[in-house]
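Residue numbers (the numbering used here): 1 to 170.
Some notes on the structure that comes next.
Below, the structure is given as structure tokens:
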């Protein structure tokens, strides 16, 4: 029985992670791309900003001639590790004090869209917990917060970017 479960998990992992055919072409129409940003913090203070770009079938897109910048740093197409079970996307590990994220998505070598995640746009910031070296904050306590919202008026699929965050605090 254990072997069957392992085989099924292996087949699921191989088929669910195949890249989109859009990874092989220069994207001219950004409305073909679904964009989701996940900001994750676990109870050990591991943090990631995960930018997932997908096609209409939810297959990951590795931008052929594009790139993703977070706070001016180019991020690589990789597997997420915080609350994501190895899902592939553009993964950024923030410095301990970073709370605001400017994200720029170049869907080809010249066209891009930028947005900022901060309290004014719905992202409340990371919590301080027993593992962090940041200053004490009012948000501390033993709980998990999971919220999501949409940024409207973008050039992407359905004219939106979905933003979600999961923050665990001890």
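Every residue gets a Cβ at the ideal spot worked out from N, C-alpha and C, and that includes glycine.
Answer with buried or exposed for residue i, where buried requires no fewer than 16 other C-beta atoms within 10 angstroms of its C-beta.
i	result
residue 35	buried
residue 147	exposed
residue 24	exposed
residue 85	exposed
residue 120	exposed
residue 88	buried
residue 83	buried
Would you grab the beta carbon distance between residue i and residue j for me? Rounded to a whole angstrom, and I think it's under 8 Å.
i	j	result
residue 162	residue 144	About 19 Å separates the two Cβ atoms, so there is no contact after all.
residue 33	residue 53	5 Å
Quick check: residue i and residue j, are their CB atoms within less than 9 Å of each other?
i	j	result
residue 90	residue 30	no
residue 72	residue 27	no
residue 63	residue 105	yes
residue 116	residue 126	no
residue 48	residue 92	yes
What does a CB cutoff of less than 6 Å around residue i pick up in its chain, not counting 5 residues either side in sequence?
i	result
residue 20	55, 59 and 61
residue 68	51, 75, 90 and 105
residue 155	30 and 113
residue 38	50 and 164
residue 40	48, 82, 83 and 166
residue 46	82
residue 111	none
What residues in its chain sit with their C-beta under 8 Å from that of residue i, if we drop five residues either side in the sequence?
i	result
residue 57	20
residue 133	Bear in mind that the predicted position of residue 133 carries a pLDDT of just 48, short of 50, making it too unreliable to give a figure here.
residue 42	82, 83 and 168
residue 157	31, 32, 33, 34, 35 and 56
residue 79	86, 87, 88 and 91
residue 109	26, 65 and 66
Whose C-beta lies closer than 7 Å to the C-beta of residue i among residues of the same chain, with five residues either side of it excluded?
i	result
residue 99	125 and 126
residue 149	122 and 163
residue 159	152 and 153
residue 22	32, 55 and 61
residue 107	27, 30, 33, 63 and 66
residue 18	59
message = In chain order, what are the residue ranges of uninterrupted beta strand (DSSP E) at least 3 long that sit wholly in the stretch 42-90?
response = 47-54, 67-70, 73-75 and 77-79
request  = Can you check the stretch 104-132 for any alpha helix (DSSP H) of at least 4 residues that lies completely inside it and give the ranges in chain order?
outcome  = Counting only runs of at least 4 residues, the stretch 104-132 fully encloses no alpha helix (DSSP H) element at all.
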